[in-house]
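Colleague: If you read the sequence shown in our numbering, its first letter stands for residue 1, the second for the next number, and so on.
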Amino acid sequence: MSRRKSIITALSATFTTAGLVVLGAGLTSPAQAIDPLPSTDKMYVLSCPEGTYDGPTSTFTLFYNDLTTPLNSMQLFSVDPVTAEATPIGDGSGSNVQITTGSSSWSSSCGSEPAWNPVTQTAYFGAQLYENGSSSRFLMTLDLETGESTAVGEFTGFVPGTDDCGSDFQSLAIGSNGAAYVFDSNACLYSLDLATAQLTYIGGGANGAAGRYYPQAWSLNPATQVWQALDNEDEFLSSVDVTTGNLSTSGPTVTFDGPYDPQSLEFDSLGRGWVLNEESAPGAPIATSNLYTLDPASGDVTLVAEPFTDADGPFASSALLITRPATELANTGLGSSTAWMWSTIGASLLVAGIALAVARRRQA
């Protein structure tokens, strides 16, 4: 056998063996029911008081954890996406801590689903704040290092009476380009100025016009650039046209283990959905929020954990946040995307090995 043929034979065997090994590793990588978040993404939740509100004293009777250590309202936690174990950041704004806006002081109550601005790397959410027995909805920013919330301003610009629109904030979402949008309680869509909390009506009003309900949880899927929503009644994943405010009337069916009550819908950098669903039993002493992953193509959900837990015990939340980089880098950790990568490399090596074997035989 010539030296050239010996080299080709050796290379063919090497590439073929390496291809089979790498391909096998890719195909047998554990298809985890719950992959971790991409390494560039982070998960957070905000606590929310639930119970009896005393307007004159601006205090709540909380039952959002084990009843022995009440949580402050809008307490920020970082979350392990595999176990739902939560680590507190700061001590929250607290139901007895005042947030000052102008000449008024408001006590904090409850944070809605946050939204992440990947352009400015800033977290926002809508909060219901109270002052002397009255309440209003404010746009808030959230410092993920300290856990502190800061009021931008009260939402203004609702158009009740137009196209069956409502007069109250319902849900917030921000796109990859930093554009922000708000749905009101009757499914009317507005653009939002993040510097002033001023709303500009776009359209919609599907709740009154077509018997639809308001999007209770919605977000932009960065992988597909499609806005998707879960509303408060229809158990399917709809799409949202942010130029008109229209929602699709059909989509993948979404069914949770418990009652259907999605509070937050977030997408990671790979386009996988994460849902926070309220599943408290009637009369239960402790509220329950369960974390699910969501396949946006099929609507299939997988329970991650129930409920959230910290050092003091279980607690519930209605506000889930996933942060991602401005460039929305691909996942660099193990998971389905890594398995696909190794499978592709293995297949390429295998093809190269076979090609070399064919070339050797032709020279024989």
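Ideal Cβ placement from N, Cα and C applies to all residues, glycine included.
1) By Cβ distance, which residues of its chain are closer than 6 Å to threonine 146, with the 5 residues on each side in sequence left out?
2) On a CA-only basis, which of Ser219, Leu46, Gly153 and Glu266 is nearest threonine 87? Give me that one, please.
3) Ignore the nearest five residues each way along the sequence and tell me which others in glycine 271's own chain have a CB closer than 7 Å to its CB.
4) Please name the residue, chosen from Tyr124, Met74 and Gln75, that lies closest to isoleucine 322 on a Cα-to-Cα basis.
5) Return the Cβ separation of glycine 299 and threonine 253 in integer angstroms, given the expectation that the two are a contact with Cβ distance under 8 Å.
6) Roughly how many angstroms separate the alpha carbons of tyrosine 201 and valine 82, rounded to a whole number?
7) Using the C-alpha atoms, what's the distance from glutamate 154 back to alanine 195?
8) Kindly give me the distance between the Cβ atoms of glycine 204 and leucine 189, rounded to whole angstroms, as I take these residues to be in contact under 8 Å.
9) Once the 5 residues before and after alanine 229 are set aside, which same chain residues still bring their CB inside 6 Å of it?
10) Could you tell me the boundaries of the beta strand (DSSP E) in which phenylalanine 308 lies?
11) Which same chain residues, not among the five before or five after threonine 185, have their C-beta less than 7 Å away from its C-beta?
12) Could you give the distance in angstroms between the alpha-carbon of leucine 199 and the alpha-carbon of leucine 139?
13) How would you label glutamate 278, buried or exposed, when you count the other beta carbons within 10 angstroms and need 16 or more for buried?
14) Mapping the DSSP letters down to three states, classify aspartate 295 as helix, strand or coil.
15) Mind checking who glutamine 228 pairs with in its DSSP beta bridge?
16) I'd like to check one pair, alanine 180 with alanine 115: are the Cβ atoms closer than 8 Å?
17) So valine 159 packs on leucine 172, CB below 8 Å; how close in whole Å?
18) Nearest to leucine 265 by alpha carbon, out of Arg324, Asp164 and Thr293?
19) Could you check where the beta strand (DSSP E) with alanine 86 kicks off and where it finishes?
20) So, for valine 301: in the same chain, excluding its five sequence neighbours on each side, which residues have a beta-carbon less than 8 Å away from its beta-carbon?
21) In terms of DSSP beta bridges, what is serine 264 paired with?
22) Can aspartate 268 and leucine 76 be called in contact, C-beta distance under 8 Å?
23) Do tyrosine 44 and leucine 144 have their C-beta atoms within less than 8 Å of each other?
24) In chain order, what residues of the same chain lie with their CB nearer than 6 Å to the CB of isoleucine 174, ignoring the 5 residues before and after it?
25) Which of the three DSSP states is assigned to phenylalanine 366 in this structure?
26) Straight-line CA distance for glycine 245 to tryptophan 227?
27) State the Cα-Cα distance for the pair leucine 303 and serine 136, rounded to the nearest angstrom.
28) Within 10 angstroms of the Cβ of asparagine 290, are there 16 or more other Cβ atoms? Answer buried if so, exposed if not.
29) Using only CA atoms, which one of Glu235, Thr120 and Gly111 lies nearest to glutamate 148?
30) In the DSSP assignment, what are the bridge partners of glutamate 154?
31) When we look at the beta-carbon of valine 119 and count the other beta-carbons within 10 Å, is it buried (16 or more) or exposed?
32) Going by other Cβ atoms of all chains shown within 10 Å of its Cβ, with 16 needed for buried, is glycine 273 buried or exposed?
33) Along the chain, where does the beta strand (DSSP E) containing tyrosine 190 start, and where does it finish?
34) Please report how far the alpha carbon of aspartate 164 lies from the alpha carbon of aspartate 310, in whole angstroms.
35) Given proline 259, which residues of its chain have a CB within under 7 Å of its CB, disregarding the five upstream and five downstream residues?
36) Expressed to the nearest angstrom, what Euclidean distance is found between the alpha-carbon atoms of valine 242 and aspartate 231?
Modeller: Let me spell this out:
1) So the qualifying residues of the chain are Gly90.
2) Leu46
3) Taken in chain order, the residues that qualify are Asn221, Pro222, Ala223, Thr224 and Pro296.
4) Tyr124
5) 5 Å
6) 39 Å
7) 11 Å
8) At roughly 4 Å, the Cβ-Cβ gap stays under 8 Å, so glycine 204 and leucine 189 are in contact.
9) Shown here for alanine 229: same chain residues with a beta carbon closer than 6 Å to its own, the five before and five after excluded, namely Pro215, Trp218, Ser238 and Val240 in chain order.
10) For phenylalanine 308, the uninterrupted beta strand (DSSP E) run begins and ends at 308-310, by DSSP.
11) The sequence as given places serine at residue 185; threonine does not occur at that position. Contacts found: Gly166, Asp168, Gln170 and Tyr214.
12) Rounded to whole angstroms, leucine 199 and leucine 139 show a C-alpha spacing of 11 Å.
13) buried
14) coil
15) Ser219 and Ser239
16) yes
17) Wrong, their Cβ atoms sit about 17 Å apart, outside the cutoff.
18) For leucine 265, the nearest C-alpha among the options comes from Thr293.
19) 86-89
20) For valine 301, where only same-chain residues beyond five positions count, the Cβ hits under 8 Å are Val254, Thr255, Phe256, Val275, Tyr292, Thr293, Leu294 and Asp295.
21) Leu276
22) no
23) yes
24) Ala115, Asn117 and Ala180
25) The structure shown does not extend to residue 366, since the chain spans only 1 to 364, so no value can be given for it.
26) Glycine 245 and tryptophan 227: Cα-Cα distance of roughly 11 Å.
27) Cα-Cα distance, rounded: 34 Å.
28) buried
29) With distances taken between Cα atoms, glutamate 148 lies closest to Gly111.
30) Phe138
31) exposed
32) Within 10 angstroms of the beta-carbon of glycine 273 lie 16 or more other beta-carbons, which makes it buried.
33) Note, tyrosine 190: beta strand (DSSP E), 188-192.
34) 42 Å
35) Cβ contact annotation for proline 259 (same chain, cutoff 7 Å, sequence separation greater than five): Glu279, in chain order.
36) 16 Å
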